[in-house]
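Visitor:
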DNA sequence: AAACAGCCTGTACCTACTACAGGGTCAAGA
DNA sequence: TCTTGACCCTGTAGTAGGTACAGGCTGTTT
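Chains as they are written, first to last, in our numbering: chain S, 1 to 145; chain L, 1001 to 1145.
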């Protein structure tokens, strides 16, 4: 199949397929006489594997690791478990940070009771107070970041 | 004050300060005879404002909008409320997506009972099954993404 | 013959910075 | 006075994971 069909069947863009090839993630296929890439179902499976990993938010280096582990089946899979555990931990931290951020934004939002003018807008006022080092409603206690 | 002190007092890097100036977010300060930037407290407040907005995950275009709204105090603050509401909604969606991702990773992780070899590793097996279009434990129902 | 879709390579762009390279400036110590 | 080291300057390139062209072939249809 040609690149367009492969892209469509894997749900990504043609440019992305070529990008993965350049990055060494997807094996380069044979070429037809006209220079067009000629993919097989094998490539589709490879590409789906990559896309699936990406859906699980793994970075390309991680995908590369997983792909290389596939061919070395004598190694222990501790490495894989460790990789997944790291991802899980990271996701947890992200969720926590976003919860906090959501609260801060909500606090900020609640300070404004709409329909007033910017001159009176407590949101901007708050942001400005924060900038001047004073208390704001979204970051009540000074952040040690 | 010189750029190093400004950066330190605002908690960001010297390069970031110059970057904001290039981007038109931070006003360009006067220069000393030697060409060094000479900042005032006014610039510190500006920079703190930017950093505070960034802590709230606003993009630079949003920060630019807020800064321009500060000087047009006759406009309604609906625009600001709308901006913040958009952020809050976005954060909520992100949290939801991350929750789902965490579950998927955990499911994947649970399929591997450690200490086995990669050849038997169910994680890789699962990812491969998914790539072949069959059911995997992390994405049980085909994803319409 | 011409139009249009699809393919090719190569390069630039996106975010929000970060990290140099290569050079100038300034204050303190030997 | 010389030197060392910290700081400053500009300009450019790199980061992740693609996306979006430009400029040019190829293949099919009309």
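A virtual CB, placed ideally from N, CA and C, is assigned to each residue, including glycine.
Since the structure is predicted, the reported quantities are computational estimates derived from the model, not experimental observations.
How long is the line joining the alpha carbons of residue 1033(L) and residue 1039(L), rounded to whole angstroms?
Guide: Mapped onto the second chain, residue 1033(L) falls at position 33. Mapped onto the second chain, residue 1039(L) falls at position 39. Cα to Cα, the separation comes out at about 14 Å.
Visitor: Please list the terminal residues of the continuous alpha helix (DSSP H) segment that includes residue 1016(L).
Guide: Translated into positions along the second chain, residue 1016(L) becomes position 16. Where residue 1016(L) is concerned, the enclosing alpha helix (DSSP H) stretches over 1014-1022.
Visitor: Using a Cβ-Cβ cut-off of 9 Å, state whether residue 1069(L) counts as contacting chain S.
Guide: Counting from one through the second chain, the residue named residue 1069(L) turns up at place 69. It does; some Cβ of chain S falls within 9 Å.
Visitor: Does any residue of chain S bring its CB to less than 9 Å from the CB of residue 1132(L)?
Guide: For the purposes of this step, residue 1132(L) is taken as residue 132 along the second chain, with counting starting at 1. Residue 1132(L) counts as touching chain S.
Visitor: Where does residue 1038(L) fall in DSSP's three states?
Guide: Stepping through the second chain from its first residue, residue 1038(L) is reached at position 38. Here residue 1038(L) sits in strand by DSSP.
Visitor: Which of the three DSSP states, helix, strand or coil, is assigned to residue 1027(L)?
Guide: In the second chain, the residue the question calls residue 1027(L) occupies position 27. In the structure shown, residue 1027(L) sits in coil (DSSP, three-state: anything other than H, G, I, E or B).
Visitor: Is there at least one Cβ from chain S nearer than 9 Å to residue 1095(L)'s Cβ?
Guide: Working through the second chain from its first residue, we reach residue 1095(L) at position 95. For residue 1095(L), the answer is yes, since a Cβ of chain S falls inside 9 Å of its Cβ.
Visitor: Shortest alpha-carbon distance to residue 85(S) belongs to which of 1079(L), 1051(L), 1103(L)?
Guide: For this step, residue 85(S) is matched to residue 85 along the first chain. Among 1079(L), 1051(L), 1103(L), the Cα nearest to that of residue 85(S) is on 1103(L).
Visitor: Step through the CB atoms of chain S and report whether any lies within less than 9 Å of the CB of residue 1008(L).
Guide: Locating residue 1008(L) in the second chain gives position 8, counting from the first residue. No, residue 1008(L) does not count as interfacial toward chain S.
Visitor: Using beta carbons (cut-off 9 Å, strictly below), is residue 85(S) in contact with chain L?
Guide: One-based indexing of the first chain puts residue 85(S) at position 85. Yes, residue 85(S) lies at the interface with chain L (some Cβ there is under 9 Å from its Cβ).
Visitor: Pick out the complete beta strand (DSSP E) segments inside the region 34-103 of chain S, 3 residues or longer, and give them in chain order.
Guide: none
Visitor: Under a CB-based cut-off of 9 Å, is residue 1057(L) close to chain S?
Guide: Reading the second chain from its first residue, position 57 is the one you call residue 1057(L). So yes, residue 1057(L) belongs to the interface.
Visitor: Return the first residue and the last residue of the alpha helix (DSSP H) that residue 1002(L) is part of.
Guide: The sequence position of residue 1002(L) within the second chain is 2, counting from 1. Per DSSP, residue 1002(L) belongs to no alpha helix (DSSP H) and is neither H nor E.
Visitor: By how many angstroms is the C-alpha of residue 1013(L) removed from the C-alpha of residue 126(S)?
Guide: Position 126 of the first chain, counting from 1, holds the residue named residue 126(S). Position 13 of the second chain, counting from 1, holds the residue named residue 1013(L). Each residue's Cα considered, the two are about 24 Å apart.
Visitor: Cβ atoms of residue 29(S) and residue 43(S): under 9 Å apart, would you say?
Guide: Within the first chain, residue 43(S) is the residue found at index 43, counting from 1. Within the first chain, residue 29(S) is the residue found at index 29, counting from 1. Between residue 43(S) and residue 29(S), the CB-CB gap stays under 9 Å.
Visitor: Short of 7 Å in beta carbon distance, which residues of its chain neighbour residue 1004(L), apart from the five on each side in sequence? Order them along the chain.
Guide: Numbered from its first residue, the second chain carries residue 1004(L) at position 4. Closer than 7 Å at the Cβ level, and outside the excluded window around residue 1004(L), lie 1014.
Visitor: Are any of the Cβ atoms in chain L nearer than 9 Å to that of residue 102(S)?
Guide: Numbered from its first residue, the first chain carries residue 102(S) at position 102. Residue 102(S) counts as touching chain L.
Visitor: Under 9 Å, Cβ to Cβ, is there at least one residue of chain S near residue 1091(L)?
Guide: The count along the second chain starts at 1 and reaches residue 1091(L) at position 91. Yes, residue 1091(L) lies at the interface with chain S (some Cβ there is under 9 Å from its Cβ).
Visitor: Tell me where the alpha helix (DSSP H) around residue 1126(L) begins and ends.
Guide: Looking up residue 1126(L) in the second chain gives position 126. Taken as a continuous stretch (DSSP letters only), the alpha helix (DSSP H) holding residue 1126(L) covers 1122-1131.
Visitor: Report the rounded CA-to-CA distance for residue 99(S) versus residue 1095(L), giving the unit in angstroms.
Guide: Position 99 of the first chain, counting from 1, holds the residue named residue 99(S). Position 95 of the second chain, counting from 1, holds the residue named residue 1095(L). Cα atoms of residue 99(S) and residue 1095(L): separation of roughly 7 Å, rounded to the nearest angstrom.
Visitor: Mind pulling the chain L residues with CB within less than 8 Å of residue 32(S)?
Guide: Numbered from 1 along the first chain, position 32 holds the residue referred to as residue 32(S). Residues of chain L passing the Cβ test: none, with the nearest at roughly 25 Å.
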